[in-house]
Amino acid sequence: MNTEIVVASGKGGTGKTFISSNFSYFLNKKGFNVLAVDADVEAPDLILALGDVKKILYEENFEGQVVDIDYSKCLRCGACVETCRFNALSMSDEGPVVDYNFCEGFGTCALVCPVQAIYLKPAKRGRIFAAISNTGIPVVTGDLDIGEKNSGLLVYRIRELAKEYSFKFNARLIVIDAAPGIGCPVISSLVGARLLVIVVEPTPQSLKGAMRLKELADKLNIQSLAVINKYNLNPSFTRTIVDALNVEILGKIGYDDKVVESYTLMKPILETYPESKISSNLETIFKRILERLSL
Amino acid sequence: MVTSMGWSGRGYSRGRGGMWGYQAPMPQIPPPPSGSIRIVAPVDFSNGLNSPISMRTGRAPYIAVVDVSGGKIVNVNIVQNAAAMAPRGAGVQLGQWILNIGASIVIAVSLGPNIDMVLRQVGVRVELVPPGTILGDALAKLGFVK
Amino acid sequence: MKIVAVGGGKGGTGKTAIAVSIAKMFAIKRKILLVDLDVDNPCTYTLLSSKPEIIKEIYAFKPKILEDKCKLCGKCVEYCPVHALVLIPSKKILFIKTLCESCGNCMIVCPEGAIKEDKAVIGWIKEDKMDNLHLIVGEAKPGERKTDEVMTETIEYVEKIAENYELLIFDVPPGTGRGIYDAFKLADLVVTVTEPTMLGFHDLKKLYSLIRSMNKKSIAIINKYGLKGGVQDEQEEFLRNNRVQYEKIPYDEYMVKAYVSGETVVEAYPDSPSARSIKKIVKNLEKIMFRSA
Chain A
1 MNTEIVVASG KGGTGKTFIS SNFSYFLNKK GFNVLAVDAD VEAPDLILAL
51 GDVKKILYEE NFEGQVVDID YSKCLRCGAC VETCRFNALS MSDEGPVVDY
101 NFCEGFGTCA LVCPVQAIYL KPAKRGRIFA AISNTGIPVV TGDLDIGEKN
151 SGLLVYRIRE LAKEYSFKFN ARLIVIDAAP GIGCPVISSL VGARLLVIVV
201 EPTPQSLKGA MRLKELADKL NIQSLAVINK YNLNPSFTRT IVDALNVEIL
251 GKIGYDDKVV ESYTLMKPIL ETYPESKISS NLETIFKRIL ERLSL
Chain B
296 MVTSMGWSGR GYSRGRGGMW GYQAPMPQIP PPPSGSIRIV APVDFSNGLN
346 SPISMRTGRA PYIAVVDVSG GKIVNVNIVQ NAAAMAPRGA GVQLGQWILN
396 IGASIVIAVS LGPNIDMVLR QVGVRVELVP PGTILGDALA KLGFVK
Chain C
442 MKIVAVGGGK GGTGKTAIAV SIAKMFAIKR KILLVDLDVD NPCTYTLLSS
492 KPEIIKEIYA FKPKILEDKC KLCGKCVEYC PVHALVLIPS KKILFIKTLC
542 ESCGNCMIVC PEGAIKEDKA VIGWIKEDKM DNLHLIVGEA KPGERKTDEV
592 MTETIEYVEK IAENYELLIF DVPPGTGRGI YDAFKLADLV VTVTEPTMLG
642 FHDLKKLYSL IRSMNKKSIA IINKYGLKGG VQDEQEEFLR NNRVQYEKIP
692 YDEYMVKAYV SGETVVEAYP DSPSARSIKK IVKNLEKIMF RSA
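Protein chains in written order, with the numbering used here: chain A, 1 to 295; chain B, 296 to 441; chain C, 442 to 734.
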């Protein structure tokens, strides 16, 4: 049985990957076999933050469906072009043409075709893969094709692959870098997790997002804890957060050049600047998380 | 605008009650025998009454369907959860199936917002149990089985 | 009237700050329309001390079930690709608005004609006018998934008023979806903003796949140039190989300071290296867009 800890933020750009990558690194150094999962497939930066790919262990395509046209049957009546609400069909001299950048595969066009010349077929939307990062921590994540979006199913598949690899690596702890926001991919990132760590920055939008995330976690019976990141950007609003967010605040992390640098260098700050104040704050926070998990 | 439908399941919908496109439908199972109540629980693997109840519901790998009558188990059916592969709305698809098969009770660890709403519509009774609970134990503890 | 789309990577590259700075500088002499297409989280107005007001609502198609005509056959449920419809046995069809993708399948397959076209608000268009600089903001309802639709409608609205302005600047969010495509399609020039990190580079390459496929003229701005350990060398090589002209904004503390205080760096720290680079970029854009010295 492995324990999944999700790091999420109701709004993007708050530094969730900064926290999850350093947390994974910290756990690894402490001797826990840890597996990192990046559910934020539209910005797959967790593996970059952990030193980039050292070796890919496994990959597979992630599929969805799209439409295709049997031109031998097509009457060029244009009903399909008129019907598609995603503007994925246009009429050319040869007949209707599908723009695969926009086709969602819902098949509305197929439903109105008077001669059933349109059918659904599988299509690659991206891929999911497992790899060892240069920090030695295994990571499971995905990569989306142009124009494709994250989905609940994709996150689910990534988590399933992660569970498989957690057995292979004997990893008791799985750290999940969740998709941003509060939609389907986030719910899929949260379900079944043991603990949620909310990363919030001192802006009103971030606080709003954090509160909605907490609501979601409560509904799913998942314990929530919070970390305030980049607190020095607005110390007074930081105090507002402490009052407004009904969650235990594990600690505050400041924002400065060292953070930016560690990001650029693709190394956790715990590795590049272990003696810095930020690193010691992070360690305090991570130790507290372990305490809450009784580990 | 629609002149004919042409839904004979030729590659784009899998038969009666099939889901649109390439998604596999949930399996068909007969209604509960008269006089029995039907209980559904998402489980992590198929091991009869020893199956552990899953932390997930909508995307649980298997669904256990237990028919109980007078404190005795009449039927145990564990099926693969096709809803797990739904790109979106997995909980809804599972919820719809639970309504279709005439279940009146669901035992789970937690319910996602969508399936929760669907089940409330017909007043399906939901019993939440701690993660790792074994199906047979849950049925006994909740008093469905003597 | 000329159109520039400013696109770029994930939060933090400084794209919005740069787009707003460019807009402010051009607005000194010209009538400018700045369009915020970051519908999930628009923040151009935070750098302009502006409070835009709603001028229009944006709708998406939603089905409306006519219960007196509905025979509970369940066909709509079968053909909904995202399970937004549920058949409550012997009672009614339940519609789950949050899952609806507005495809219209249900309306088409209903044999009783019991599903009519209805609509729901998915976002708003907001506006503020500040002397020469006008701002239009597209904003999606929180949690709304059809963000591309909100972007596209905002763009369509803007197209109608565009001729009143000398220059239109789109602040385009990261990604490669429909809304972004529509903004790029209209643009005479696409300005891509990136930072010399691996993720920034990853996003840049993806963006250029789209830009190349659309055959759009573009220039790139490498923001935070000089970041220790940054991949600016690889980025410059990539841009050169793709024959893309590029500019650099050096990494300095002033951009962050200005952002935190809710201002653009060109106003708050006009003599800083970053501000001076931006001014140089604007002069260059002026030449490209208006062929003047």
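Just so you know, even glycine gets a beta-carbon here, dropped at the ideal spot from N, CA and C. On a predicted model such as this, the values are computed, not experimentally measured, just so you know.
Using a Cβ-Cβ distance under 8 Å, would residue i count as near chain B?
i, result
"C/Leu-535", "yes"
"A/Ser-166", "no"
"A/Cys-80", "no"
"C/Ala-734", "Because C/Ala-734 carries a pLDDT of 46, less than 50, the predicted location of this residue cannot be relied on, and the following value inherits that uncertainty. By this cut-off, C/Ala-734 is not an interface position."
"C/Leu-540", "yes"
Any beta-carbon of chain C closer than 8 Å to the one on residue i?
i, result
"B/Leu-394", "yes"
"B/Glu-351", "Per the sequence shown, the amino acid found at residue 351 of chain B is Arg instead of Glu. Chain C, which has no Cβ nearer than 8 Å to the Cβ of B/Arg-351, makes this no."
"B/Gly-260", "With chain B running from 296 to 441 in the structure shown, residue 260 of chain B is simply not present."
"B/Gly-301", "Residue placement at B/Gly-301 is poorly supported in this model, since its pLDDT is 31, which falls under 50; the coordinates still yield a value, given next. Closer than 8 Å: no."
"A/Asp-218", "no"
"B/Asn-376", "no"
"A/Lys-287", "no"
"B/Val-413", "yes"
Can you check which of these residues, the options, is closest to residue i by C-alpha distance?
i, options, result
"A/Asp-52", "A/Gly-64, A/Ser-21, A/Arg-76 and A/Ala-79", "A/Ser-21"
"A/Ser-262", "A/Leu-27, A/Ile-69 and A/Leu-46", "A/Leu-46"
"C/Asn-664", "C/Val-445, C/Ala-460, C/Cys-484 and C/Leu-627", "C/Ala-460"
"C/Ile-444", "C/Thr-457, C/Met-639, C/Asp-559 and C/Ala-603", "C/Ala-603"
"B/Phe-340", "B/Leu-434, B/Gly-438 and B/Leu-430", "B/Leu-430"
"B/Asn-395", "C/Leu-513, C/Ile-563 and C/Leu-540", "C/Leu-513"
"A/Lys-258", "A/Ser-72, A/Cys-77, A/Ile-278 and A/Ile-289", "A/Ile-278"
"A/Cys-113", "A/Phe-167, A/Cys-77 and A/Leu-290", "A/Cys-77"
"C/Glu-597", "C/Glu-508, C/Tyr-622, C/Val-523 and C/Ala-699", "C/Tyr-622"
"B/Pro-382", "C/Cys-541, C/Ile-495 and C/Leu-535", "C/Cys-541"
"C/Leu-651", "C/Leu-488, C/Arg-619, C/Phe-467 and C/Cys-521", "C/Arg-619"
"C/Lys-720", "C/Lys-510, C/Cys-551 and C/Glu-708", "C/Glu-708"
"C/Ala-458", "C/Gly-667, C/Ser-659, C/Leu-535 and C/Ile-690", "C/Ile-690"
For a contact meaning CB atoms closer than 9 Å, what does residue i contact in chain C?
i, result
"A/Asn-101", "Thr-617, Gly-618, Arg-619, Tyr-622, Leu-651 and Ser-654"
"B/Gln-416", "Val-527, Ile-529, Lys-532, Lys-533 and Leu-535"
Distance cutoff 8 Å, beta carbons only. Does residue i sit that close to anything in chain A?
i, result
"B/Met-314", "Below a pLDDT of 50, predicted positions are generally treated as unreliable, and B/Met-314, at 41, falls in that range; no measurement from the model is reported."
"C/Gly-554", "no"
"C/Leu-478", "no"
"C/Gly-584", "yes"
"C/Lys-625", "The question names Lys, yet the displayed sequence has Phe at residue 625 of chain C. For C/Phe-625, the answer is no, since every Cβ of chain A falls outside 8 Å of its Cβ."
What does residue i reach in chain B if we use C-beta pairs closer than 7 Å?
i, result
"A/Asn-221", "Ser-405"
"A/Gly-192", "Met-350 and Arg-351"
"A/Cys-74", "What A/Cys-74 touches in chain B: nothing, since even the nearest Cβ is about 14 Å away."
"A/Cys-184", "Arg-383"
Inspect the beta-carbon positions of residue i and residue j and report whether they are closer than 8 Å.
i, j, result
"C/Ala-464", "C/Leu-574", "yes"
"A/Val-41", "A/Gly-152", "no"
"B/Ile-368", "B/Val-361", "yes"
"C/Thr-595", "C/Val-476", "yes"
"A/Leu-111", "C/Ile-549", "yes"
"A/Phe-129", "A/Glu-104", "no"
"C/Met-571", "C/Ser-491", "yes"
"C/Val-578", "C/Pro-493", "yes"
"A/Asn-150", "A/Pro-185", "yes"
"B/Ala-377", "B/Ala-319", "yes"
"A/Ser-189", "A/Ala-39", "yes"
"C/Glu-558", "C/Ala-501", "no"
"B/Arg-415", "B/Ser-399", "no"
What residues of chain C sit near residue i, judged by a beta carbon separation below 8 Å?
i, result
"A/Thr-108", "Cys-544, Gly-545, Asn-546 and Ile-549"
"A/Leu-290", "Those do not exist, as A/Leu-290 stays about 28 Å from chain C at its closest Cβ, beyond 8 Å."
"A/Val-200", "The contacting residues do not exist; A/Val-200 stays about 14 Å from chain C at best."
"A/Val-37", "Within 8 Å Cβ-Cβ: nothing; A/Val-37 doesn't reach chain C, min ~17 Å."
Give me the chain A residues within the contact set of residue i, using Cβ-Cβ distance strictly less than 8 Å, ordered along the chain.
i, result
"B/Met-380", "Leu-153"
For a contact defined as C-beta to C-beta under 7 Å, what are the partners of residue i on chain C?
i, result
"A/Met-266", "Met-639"
"A/Gln-116", "Chain C residues near A/Gln-116: none, gap ~14 Å exceeds 7 Å."
Starting from residue i, find everything on chain A with Cβ-Cβ shorter than 7 Å and list it in chain order.
i, result
"B/Pro-408", "Lys-219"
Using a Cβ cut-off of 8 Å, pull out every chain B residue sitting near residue i, in sequence order please.
i, result
"A/Ile-187", "Gly-407 and Pro-408"
Cβ-based contacts, 8 Å cut-off: residues of the region 512-537 of chain C near chain B
Those would be Val-518, Glu-519, Tyr-520, Cys-521, Pro-522, Val-523, His-524, Ala-525, Val-527, Leu-528, Ile-529, Pro-530, Lys-532, Leu-535 and Ile-537, in chain order.
In the region 40-64 of chain A, which residues sit with their C-beta less than 8 Å from some C-beta in chain C, listed in chain order?
Answer in chain order: Glu-42, Ala-43, Pro-44, Asp-45, Leu-48 and Asp-52.
Contacting positions in the region 16-29 of chain A - beta carbon closer than 8 Å to chain C
Residues: none.
Residues, ordered as in the chain, of the region 318-345 of chain B that lie near chain D by beta-carbon distance below 8 Å
Absent from the structure: chain D. Protein chains present are A, B and C.
When you check each C-beta in the region 350-371 of chain B against every C-beta of chain A, which residues fall closer than 7 Å?
The residues in question are Met-350, Arg-351 and Arg-354.
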